[in-house]
Structures are given as C-alpha cells and as structure tokens.
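Have a look at the structure below, then the notes.
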Amino acid sequence: KRYAAWVNPFTHFGDDGSLVDLLADCGFQRPTGTAGAAHLWVPQIGAGDGGVAYVERPRPHLQPLPKPPTCPSSGLKTYYPLDFASALPVLALLACLPPGARIFDACSAPGGKCLLLAGMLLARMSTRGRARDSAPGGERLTAMEWDKFRLSRLRQNLQLYLPEHVLTRVHALGGDASRPPMELRRETPFDGILVDAPCTSERERLLRDTARRSKAAGAETAAEAMPGGDGSSGADEDPPFVWDRRRSEDCAKRQVALLRSAMEMCAPHGSVVYSTCALSDIENDAVVEEALKGAPYRWHVHRGNIFSSQEGWSFDARALAEEADLTIEETRYGSRVLPDRGGWGPMYWSVLRGPAA
Numbered sequence: 085k086r087y088a089a090w091v092n093p094f095t096h097f098g099d100d101g102s103l104v105d106l107l108a109d110c111g112f113q114r115p116t117g118t119a120g121a122a123h124l125w126v127p128q129i130g131a132g133d134g135g136v137a138y139v140e141r142p143r144p145h146l147q148p149l150p151k152p153p154t155c156p157s158s159g160l161k162t163y164y165p166l167d168f169a170s171a172l173p174v175l176a177l178l179a180c181l182p183p184g185a186r187i188f189d190a191c192s193a194p195g196g197k198c199l200l201l202a203g204m205l206l207a208r209m210s211t212r213g214r215a216r217d218s219a220p221g222g223e224r225l226t227a228m229e230w231d232k233f234r235l236s237r238l239r240q241n242l243q244l245y246l247p248e249h250v251l252t253r254v255h256a257l258g259g260d261a262s263r264p265p266m267e268l269r270r271e272t273p274f275d276g277i278l279v280d281a282p283c284t285s286e287r288e289r290l291l292r293d294t295a296r297r298s299k300a301a302g303a304e305t306a307a308e309a310m311p312g313g314d315g316s317s318g319a320d321e322d323p324p325f326v327w328d329r330r331r332s333e334d335c336a337k338r339q340v341a342l343l344r345s346a347m348e349m350c351a352p353h354g355s356v357v358y359s360t361c362a363l364s365d366i367e368n369d370a371v372v373e374e375a376l377k378g379a380p381y382r383w384h385v386h387r388g389n390i391f392s393s394q395e396g397w398s399f400d401a402r403a404l405a406e407e408a409d410l411t412i413e414e415t416r417y418g419s420r421v422l423p424d425r426g427g428w429g430p431m432y433w434s435v436l437r438g439p440a441a
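With my numbering as the guide, the letters of the sequence shown map in order to residues 85 to 441.
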C-alpha cells in the first residue's frame with residue numbers, strides 16, 4: 085500500500101527546511117500543480133523520460149516515513165499520511181465551491197479528508213488576521229460521524245492538527261447523516277457536501293487477511309521447529325476473505341440514504357461529491373443512479389475537468405494523474421482509481437451538481 089502526506093499548513097515546523105529534508109529523505113516531493121497547492125506530498129524516487137517516475141516500494145536507501153513529529157512552536161502535528169487517491173474527491177469538491185462556502189463532510193472519521201478541506205479553505209484565515217476569524221460569515225466546515233469511537237478519533241485528529249482560531253470554524257458532530265439531527269439541519273443549506281460513504285473496503289479487508297495469514301504461517305513455522313512440534317495451533321483455521329454480494333448490497337442501501345440526504349441538505353447552486361473505496365459497481369455507479377431517481381430537484385452529473393472561475397482552483401484529472409503516477413478511469417457516473425495501476429486506491433467518486441450550479 086502506498087502513502088502520500090498532507091503537510092499541515094498551520095505549522096511553522098520546517099521553516100528552516102528540516103521538514104522538507106525529512107520528507108525528501110523518505111523519498112517524497114511536493115508536486116507543482118493542484119495537489120501541491122493542496123499541501124500534498126507524494127513519493128518520488130527519480131526522474132524518468134517525460135516526467136517523474138514513481139514506484140510502489142521505496143528504495144533501500146530511503147527512510148520509512150516516521151510518525152508525524154510535533155511542531156515545537158504550535159504544538160500541532162506536521163503531516164498526515166493518506167492514500168493519494170483518497171484526496172481526489174476532496175480536490176474535486178474544492179473546485180466546485182464559491183467563496184465563503186459552507187461545507188459538510190458527512191462521514192468524516194478518521195478525519196484525513198476533513199483536514200484537507202480545512203487546510204485549503206481555512207489556512208487563509210491565518211493571513212487575514214484573527215480578528216476577522218471570529219466575524220460572522222466566511223468559510224465554515226461541519227463534520228459528522230455516527231460511530232462514537234470514530235467520532236472521538238475525528239475530534240482528536242482535529243485537535244492534533246488544527247489551531248484554536250481555525251477550530252472555531254470547524255464543527256464536529258455525532259449523528260447519522262442519513263437522518264440529520266436538528267443540530268445539523270440548522271446549519272443547512274450547504275454549498276458543498278462530501279459523502280465519503282462507509283463501504284465494504286475490499287482491499288483493506290484483503291490486506292488485513294493476508295497479513296494475518298502471513299503472521300499465522302510464521303507462527304506455525306516456529307512451532308514446527310520446536311521439539312515434537314507439528315505446526316498446529318490446535319484452533320480451527322479462519323476462512324479466507326471472500327467477496328460477499330449481500331454485504332455490498334446492504335452497504336448500498338445505506339449509501340443511497342446518505343447520498344439522498346446530502347442532496348436534500350445542499351443548496352440548489354451547490355455540489356455533492358460521493359465517494360467510496362469499494363471495488364464493486366453496486367456501491368458506486370449503482371448508488372448514484374438510484375439516488376438521482378429520488379432527487380429533490382434536477383441534479384446532473386459533472387463529467388471531466390472542473391475549473392473554478394471564482395477561486396482560481398481547478399480539478400484536472402490528467403494533470404493530477406501525472407503528478408502522482410496514477411490512472412484515472414471514467415465510469416458511467418464518475419471516475420475511479422484502481423490499485424493495480426500505480427498502487428493507489430481503490431477510490432471511486434462522482435460529482436453531482438444542483439440545477440443552479
């Protein structure tokens with residue numbers, strides 16, 4: 085599995101070049117395009133013909149990416165590791181937003197995408213002066229998570245990465261976004277909503293299963309080496325990971341409810357980006373198609389690049405693919421990145437825009 089890093093724009097650690105040196109020692113560089121503007125760094129180990137060449141495994145002379153250090157002046161963590169493909173839905177949503185946007189992150193934990201949004205929308209507050217930060221209006225970010233443990237993790241990450249004056253613009257709520265509580269409804273309508281829906285996460289489950297079996301195989305080998313050992317643990321073997329269609333269909337029902345709810349909470353001029361890390365179309369295009377049938381007004385799927393005339397921000401799929409050595413494939417209602425082509429993902433996303441967008 086490959087990782088990129090979101091570098092925290094709210095810290096001053098590395099003003100002397102130390103953070104740049106640390107990331108460079110781990111084989112990372114900051115792209116020059118949209119991804120770099122969003123404070124993302126990607127693994128880079130050499131220049132090839134026609135651009136930068138990336139590989140899935142770091143070279144032996146490169147250091148592994150350490151746990152994020154803490155900035156000594158701000159007390160904040162300096163970077164957040166994440167799959168680069170998971171940043172693409174956020175970059176697409178950012179390109180759709182007007183100035184002073186009100187944004188909702190519907191399924192926010194553990195918080196990587198929320199930090200990306202905060203880093204782009206709220207980092208400018210640091211240069212405008214804190215007196216204006218507490219004024220009414222301006223960008224606001226609302227995040228929601230229904231699972232109590234994951235909500236606690238989300239709030240912890242926000243505290244670890246965002247300064248006090250930025251946290252006043254970020255509201256983390258507990259609740260089910262498919263059945264919005266009154267506390268959330270009072271903040272509607274939103275200009276932009278991200279629905280990174282819970283899914284079957286087949287690749288993560290397969291990787292965990294592979295790691296568990298590899299560990300078990302090592303234990304059996306050690307047992308065989310013991311005098312009189314037969315390599316048996318005495319416990320029944322767990323079955324290997326097998327894709328379950330019914331599990332995907334159950335997830336899809338909740339995903340449709342989440343997406344329809346988001347469309348109801350979004351302003352007519354707004355945008356909703358739906359995403360999952362599922363491989364199955366049941367949880368991707370099929371969910372978008374079903375949600376569009378019950379839309380409160382005529383929504384349309386945005387295809388291709390997004391160029392924001394108001395913020396000067398753009399979402400150019402081809403340029404992003406070149407920045408991080410990935411392949412973006414189009415589907416009927418969206419786009420996807422698959423891990424067999426570059427090691428990133430999987431990630432699916434669809435950009436839905438209201439009738440006035």
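Where a beta carbon is used, it is the ideal one built from N, C-alpha and C, also for glycine. Keep in mind the model is a prediction, meaning the values are calculated, not measured.
TODO: State the DSSP-derived secondary structure class of lysine 262, mapped to helix, strand or coil.
DONE: At residue 262 the sequence reads serine, which differs from the lysine that was named. Coil at serine 262, not helix or strand.
Open item on the list: Out of Ala405, Asn389 and Trp433, which one is the CA nearest neighbour of glutamate 373?
Closed with: Measuring from the Cα of glutamate 373, the nearest candidate turns out to be Trp433.
Open item on the list: Using a Cβ-Cβ cutoff of less than 6 Å, which residues in the same chain neighbour histidine 386 once the five nearest sequence positions on both sides are dropped?
Closed with: Around histidine 386, the same chain offers Val435 and Arg437 as residues with beta carbons nearer than 6 Å, after the five sequence neighbours per side are excluded.
TODO: Note down, one range per segment and in chain order, each beta strand (DSSP E) of at least 3 residues found wholly within the stretch 220 to 263.
DONE: Taking only runs of at least 3 residues, the beta strand (DSSP E) segments lying wholly in the stretch 220 to 263 are 224 to 229 and 254 to 258.
TODO: Pick helix, strand or coil for glutamate 271, following the three-state DSSP scheme.
DONE: In the structure shown, glutamate 271 sits in coil (DSSP, three-state: anything other than H, G, I, E or B).
Task: Chain-order list of residues whose beta-carbon lies under 8 Å from that of arginine 237 (same chain, five-residue window excluded) - done: Only Ala193, Pro194 and Gly195 meet the Cβ criterion.
- [ ] Ignore the nearest five residues each way along the sequence and tell me which others in arginine 331's own chain have a CB closer than 6 Å to its CB.
- [x] Closer than 6 Å at Cβ, skipping near neighbours: Thr284.
TODO: With DSSP collapsed to three states, give me the class of arginine 382.
DONE: Looking at arginine 382 - three-state DSSP - the assignment turns out to be coil, as it is neither helix nor strand.
Task: Three-state class that DSSP yields for aspartate 280 in the structure shown - done: In the three-state reduction of the DSSP assignment, aspartate 280 falls in the strand class.
TODO: Using beta-carbon positions only, say whether valine 356 and alanine 346 come within less than 7 Å of one another.
DONE: Yes, these two residues count as a Cβ contact at 7 Å.
TODO: Just confirm the distance between the C-beta atoms of alanine 185 and aspartate 275, as a whole number of angstroms; I'd bet it's less than 8 Å.
DONE: Contact holds; Cβ gap of about 4 Å.
Task: 4 or more residues per run - each alpha helix (DSSP H) lying fully within the stretch 330 to 416 - done: Inside the stretch 330 to 416, DSSP marks whole alpha helix (DSSP H) runs of 4 or more residues at positions 369 to 377 and 401 to 408, from first to last along the chain.
- [ ] List the DSSP bridge partners of serine 434.
- [x] In the DSSP assignment, the residues bridged to serine 434 are Tyr358.
Task: Identity of the residues DSSP links to threonine 154 by a beta bridge - done: DSSP, once it has assigned bridges, lists Lys161 as partnering threonine 154.
Open item on the list: Using the three-state DSSP reduction, which class does serine 419 fall into: helix, strand or coil?
Closed with: Here serine 419 carries a strand assignment [DSSP, helix/strand/coil].
TODO: Let me know the secondary structure DSSP gives valine 326 once reduced to three states.
DONE: Secondary structure at valine 326: coil, using DSSP grouped into helix, strand and coil.
Open item on the list: Tell me which residues share the same chain as arginine 64 and place their Cβ nearer than 6 Å to its Cβ, disregarding the 5 neighbours each side in the sequence.
Closed with: This structure cannot speak to residue 64, because the chain is shown only from 85 to 441.
Open item on the list: Per DSSP, what are the beta-bridge partners of aspartate 189 in this structure?
Closed with: According to DSSP, aspartate 189 bridges with Ala227 and Leu278.
- [ ] Flag this pair as yes or no: are the beta carbons of alanine 375 and valine 340 separated by less than 7 Å?
- [x] Yes, these two residues count as a Cβ contact at 7 Å.
TODO: Might you give, ordered along the chain, the residues of its own chain that have their beta carbon closer than 7 Å to the beta carbon of glutamate 223, omitting 5 neighbours on each side?
DONE: For glutamate 223, where only same-chain residues beyond five positions count, the Cβ hits under 7 Å are Gly184, Ala185, Leu205, Leu206 and Arg253.
TODO: Pull up the distance between the alpha-carbon of cysteine 191 and that of alanine 261, whole angstroms please.
DONE: About 7 Å.
Task: Per DSSP, cross-strand counterpart(s) of phenylalanine 112 - done: Residue pairing of phenylalanine 112 in beta bridges, as defined by DSSP: Pro127.
- [ ] Just the C-alpha distance for leucine 230 and glycine 117, rounded to the nearest angstrom, thanks.
- [x] Going by the sequence as given, residue 230 is tryptophan instead of leucine. Just so you know, the alpha carbons of tryptophan 230 and glycine 117 end up roughly 35 Å apart.
- [ ] Please state if the CB of alanine 171 and the CB of leucine 200 are separated by a distance shorter than 7 Å.
- [x] For the pair leucine 200 and alanine 171, the CB atoms are nearer than the 7 Å cut-off.
Open item on the list: For serine 157, tell me which candidate among Lys85, Tyr245 and Val104 has the shortest Cα-Cα distance.
Closed with: Closest by alpha carbon: Tyr245.
- [ ] Would you kindly check if the distance between the Cβ of valine 421 and the Cβ of leucine 404 is under 7 Å?
- [x] Not a contact, by the Cβ cut-off of 7 Å.
Open item on the list: Can you look up leucine 206 in the DSSP assignment and give me helix, strand or coil?
Closed with: In this structure, leucine 206 counts as coil in the three-state DSSP scheme.
TODO: Grab the span of the beta strand (DSSP E) containing alanine 122 for me, first residue to last.
DONE: Element bounds for alanine 122: n/a, residue is neither H nor E.
Open item on the list: In the DSSP assignment, the alpha helix (DSSP H) including alanine 169 goes from what residue to what residue?
Closed with: 168 to 180 is the span of the alpha helix (DSSP H), which, as asked, contains alanine 169.
Open item on the list: leucine 235 and glycine 258 - do their beta-carbons sit closer together than 7 Å?
Closed with: Between glycine 258 and leucine 235, the C-beta spacing is below 7 Å.
Task: Distance between glutamine 147 and aspartate 440 (C-alpha atoms, nearest Å) - done: Aspartate is not the amino acid found at residue 440; the sequence shown has alanine there. Their backbone Cα atoms lie some 49 Å apart in a straight line.
Task: Rounded separation between alanine 119 and proline 165 - CA only - done: So the alpha carbons of these two residues sit roughly 14 Å apart.
Task: Host beta strand (DSSP E) of tryptophan 90 (start-end) - done: Unbroken beta strand (DSSP E) run through tryptophan 90: 88 to 91.
Task: Nonlocal neighbours in the same chain, by C-beta distance under 6 Å from methionine 266, ignoring five residues either side - done: Counting only Cβ-Cβ distances below 6 Å, and skipping sequence neighbours, we find nothing.
Open item on the list: Do threonine 162 and phenylalanine 112 have their beta-carbon atoms positioned less than 7 Å apart in this structure?
Closed with: The Cβ atoms of phenylalanine 112 and threonine 162 do not sit closer than 7 Å to each other.
- [ ] Determine the DSSP secondary structure at serine 102, reduced to helix, strand or coil.
- [x] Serine 102: helix per DSSP, three-state reduction.
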